[in-house]
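Peer 1: Residue numbers (our numbering): 1091 to 1707.
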């Protein structure tokens, strides 16, 4: 399933999930993880429990009262979520990220109240530390060799803080035998009470949502450090995760079937049962939400899971799963499997895996579909997008432009649903262009841990260099405003100004390719039918937005747009109740809502030949 950093060859899965499909140069986008390259970090080995579950503060030599947190040489006291500068001698119970934003307070005693989350108290001495010196590597799940620290460099990956470029804790690569063990345990768990006890599943999901809320500050800091997203976005992501878990907890007890009498007097029952072990391959840009958006409904349906995060965000993912186990998720229901190309290939094609849920580029998704097709596996794909925002002549222009600006810079534009195209009715074109340019110019680019920052860095300098080349090429053909690299004191990561590109055509490469960067193209249209044609002019169909005061026009344009989600007078409004997914090259299947649960089930018809009264069977 391939390798490489940006370029992809036909028939091979690229090592990165991000990518601009069919873009001529086969350039890989950066928003999704290097799909199949990574590893897991170590855990303490105090007793035979998996993951980070079990043991109190006093039993962990690395935790407990009196243990002093060692600060990374690259770490500075920076503004935290509350805007106050934190000192480097913070107490042990904080999450330390070498070179990243300052640590946030540890969970309070209220967070660990026995009447609220009794199992979480056992985790108080197990706090992830993103260390630049490589010490205290943790094991997350059952799939890491204890001798990982002694392994040569190629057996682990080392995520890097996108803002500071300080390496985080090394993550050991999972062995094939360990993946086999995880798959076997997940398969065995399908025959446990988990698969049939909806009440138990509901309680675990509900408790997991409470656990995430109780550990919001810790998780938000981890998201900022591992993804480079702003602290504001990090808190939004955690709230959305808790909401998804709570919603799907309710659905866990509402999966039923139908029964009826047939014309010949016999009985038919149609039931649902879990599809089986499911592999979840998750990108780096929204690592918690894009995992739990799919995993929560799958667990509500009774499946068991192998979770393959991006190496860049494996630490926060392992912490999220540990909180789930502490809140009541059985140990063998969800297994963390961190690795590179070979591990990803093995997870997707493993004979015990019956379904795959993948979020990433269209190019990689296509190759995963080929791999899963050979095994007739259920496959859910959410792939690339070129989000278009249509502004009609009668629209509320200030509100529409404000929405476009926000949607263009979310996660520094490294999001499949980001607004990358603005289509404007010709009479409003000049007004919209001026407002859009001014709005993007006003975006505050800075340290992602500062609550006043609007946009953080790109995920890596390599991503920035590719964007710089793309904009240099665009300046030869189009009008480009913005897009310059921003140099910030003490932050060597790649920061950039948002860019507006005009004088483009639907065929322009910058319109057709998914750039995964804060770049917006602006095109005029003359009537509603042309607006629909322009929106549909790419191979993507993930999301779009229409702004108008005329409800009939809104319906007409929305129905004509080939996209899985169309917002009217809004953008990026996503809820666990509403299905989402893509048309065309943007994906297969739907997540969220009741359909999001049902897609992880198999329908089974059971027929009873009931004999007539008084006659033997």
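The beta carbon of each residue, even a glycine, is placed where N, CA and C say it ideally should be.
Do the segment 1299-1310 and the segment 1327-1342 touch if we need at least three Cβ pairs shorter than 8 angstroms?
Peer 2: The segment 1299-1310 vs the segment 1327-1342: in contact.
Peer 1: Quick one: is residue 1665 buried, meaning 16 or more other Cβ sit within 10 Å of its Cβ, or exposed?
Peer 2: Residue 1665 comes out exposed.
Peer 1: By Cβ distance, which residues of its chain are closer than 7 angstroms to residue 1383, with the 5 residues on each side in sequence left out?
Peer 2: Excluding residues within five positions, the ones whose Cβ falls inside 7 angstroms are 1334, 1681 and 1682.
Peer 1: How is residue 1382 classed by DSSP in three states: helix, strand or coil?
Peer 2: Correct three-state label for residue 1382: helix.
Peer 1: Which same chain residues, not among the five before or five after residue 1459, have their C-beta less than 8 angstroms away from its C-beta?
Peer 2: Cβ neighbours of residue 1459 beyond the five flanking positions: 1469, 1471 and 1678.
Peer 1: Taking the CB atoms as reference points, tell me whether residue 1403 and residue 1308 lie closer together than 7 angstroms.
Peer 2: Result no, Cβ atoms of residue 1403 and residue 1308 do not sit closer than 7 angstroms.
Peer 1: Can you say whether residue 1409 is buried or exposed, counting buried as having 16 or more other CB atoms within 10 angstroms of its CB?
Peer 2: So residue 1409 ends up on the buried side.
Peer 1: Quick one: what does DSSP say residue 1681 is sitting in, helix, strand or coil?
Peer 2: Looking at residue 1681 - three-state DSSP - the assignment turns out to be strand.
Peer 1: Going by the CB atoms, is the gap between residue 1661 and residue 1635 shorter than 7 angstroms?
Peer 2: In contact: residue 1635 and residue 1661 (Cβ atoms closer than 7 angstroms).
Peer 1: With DSSP as the reference, label residue 1614 as helix, strand or coil.
Peer 2: Three-state result, residue 1614: strand.
Peer 1: Give the DSSP bridge partners of residue 1509, in chain order.
Peer 2: Paired residue(s): 1477.
Peer 1: Output needed for residue 1379: all residues of its chain with C-beta closer than 8 angstroms, excluding positions within five of it in sequence on either side, in chain order.
Peer 2: If we look at residue 1379 and ignore the five residues flanking it on each side, its Cβ neighbours are 1327, 1330, 1331 and 1334.
Peer 1: Please name the residue or residues paired with residue 1545 in a DSSP beta bridge.
Peer 2: BP columns for residue 1545 point to 1535.
Peer 1: When DSSP labels each residue in this structure, what does residue 1635 get in the three-state scheme?
Peer 2: Strand.
Peer 1: If you follow the beta strand (DSSP E) that residue 1693 is part of, which residue opens it and which one closes it?
Peer 2: Unbroken beta strand (DSSP E) run through residue 1693: 1691-1698.
Peer 1: Please tell me whether residue 1488 and residue 1533 are closer than 7 angstroms, where the distance is taken between their beta carbons.
Peer 2: The answer is no: Cβ separation not under 7 angstroms.
Peer 1: What span of residues does the beta strand (DSSP E) with residue 1361 cover, start to end?
Peer 2: Unbroken beta strand (DSSP E) run through residue 1361: 1357-1364.
Peer 1: Starting from residue 1468, follow the beta strand (DSSP E) in both directions and report where the run begins and ends.
Peer 2: Where residue 1468 is concerned, the enclosing beta strand (DSSP E) stretches over 1468-1472.
Peer 1: Let me confirm a value: residue 1422 is counted as buried when at least 16 other C-beta atoms fall within 10 Å, else exposed. Which label applies?
Peer 2: Result: buried.
Peer 1: Whose C-alpha, out of 1416, 1637 and 1503, is nearest the C-alpha of residue 1048?
Peer 2: What the structure shows of the chain is the stretch from 1091 to 1707, and residue 1048 is not part of that stretch, so it cannot be assessed.
Peer 1: Taking Cβ positions, are residue 1371 and residue 1444 nearer each other than 7 angstroms?
Peer 2: No, the pair does not count as a contact, with Cβ atoms beyond the cut-off.
Peer 1: Between which two residues does the alpha helix (DSSP H) holding residue 1487 run?
Peer 2: Start and end: 1487-1499.
Peer 1: So, are the CB atoms of residue 1360 and residue 1346 less than 7 angstroms apart?
Peer 2: No; because the gap between Cβ atoms is not below 7 angstroms, this pair is not in contact.
Peer 1: Looking at C-alpha atoms only, which residue of 1392, 1390, 1622 and 1291 is the closest neighbour of residue 1513?
Peer 2: The candidate whose alpha carbon is nearest that of residue 1513 is 1622.
Peer 1: Just to check my reading of the structure: residue 1591 and residue 1570 have Cβ atoms closer than 8 angstroms, yes? What is that Cβ distance to the nearest angstrom?
Peer 2: Confirmed, about 5 angstroms.
Peer 1: Are residue 1608 and residue 1584 close, meaning C-beta to C-beta below 7 angstroms?
Peer 2: No, the Cβ-Cβ distance between residue 1608 and residue 1584 is not below 7 angstroms.
Peer 1: What did DSSP end up calling residue 1630 once you bin it into helix, strand or coil?
Peer 2: Note: residue 1630 maps to strand in three-state DSSP.
Peer 1: Look up residue 1246 in the DSSP assignment and give the residues it is bridged to.
Peer 2: DSSP output for residue 1246 lists 1262 as bridge partner(s).
Peer 1: Less than 7 angstroms between the beta carbons of residue 1541 and residue 1321, yes or no?
Peer 2: In this structure, residue 1321 lies closer than 7 angstroms to residue 1541 by Cβ.
Peer 1: Can you find the residues in the same chain that come closer than 8 angstroms, C-beta to C-beta, to residue 1523, ignoring five residues on each side of it along the sequence?
Peer 2: Only 1514, 1590, 1592 and 1612 meet the Cβ criterion.
Peer 1: Tell me the DSSP bridge mates of residue 1326?
Peer 2: Answer by DSSP bridge pairing: none, since residue 1326 is not bridged.
Peer 1: For residue 1445, write down the residues that DSSP places opposite it in a beta bridge.
Peer 2: 1368 and 1468, per the DSSP bridge assignment.
Peer 1: Determine the direct distance from the alpha carbon of residue 1495 to that of residue 1530, and round the result to whole angstroms.
Peer 2: Distance between the alpha carbons of residue 1530 and residue 1495: 6 angstroms.
Peer 1: Between the alpha carbons of residue 1580 and residue 1691, how many angstroms are there, rounded?
Peer 2: Their Cα atoms are separated by approximately 50 angstroms.
Peer 1: Provide the residue span of the beta strand (DSSP E) that contains residue 1657, from first to last.
Peer 2: Segment 1655-1658, the beta strand (DSSP E) holding residue 1657.
Peer 1: Answer yes or no: do residue 1388 and residue 1407 have a C-beta to C-beta separation smaller than 7 angstroms?
Peer 2: No, they are not a contact pair.
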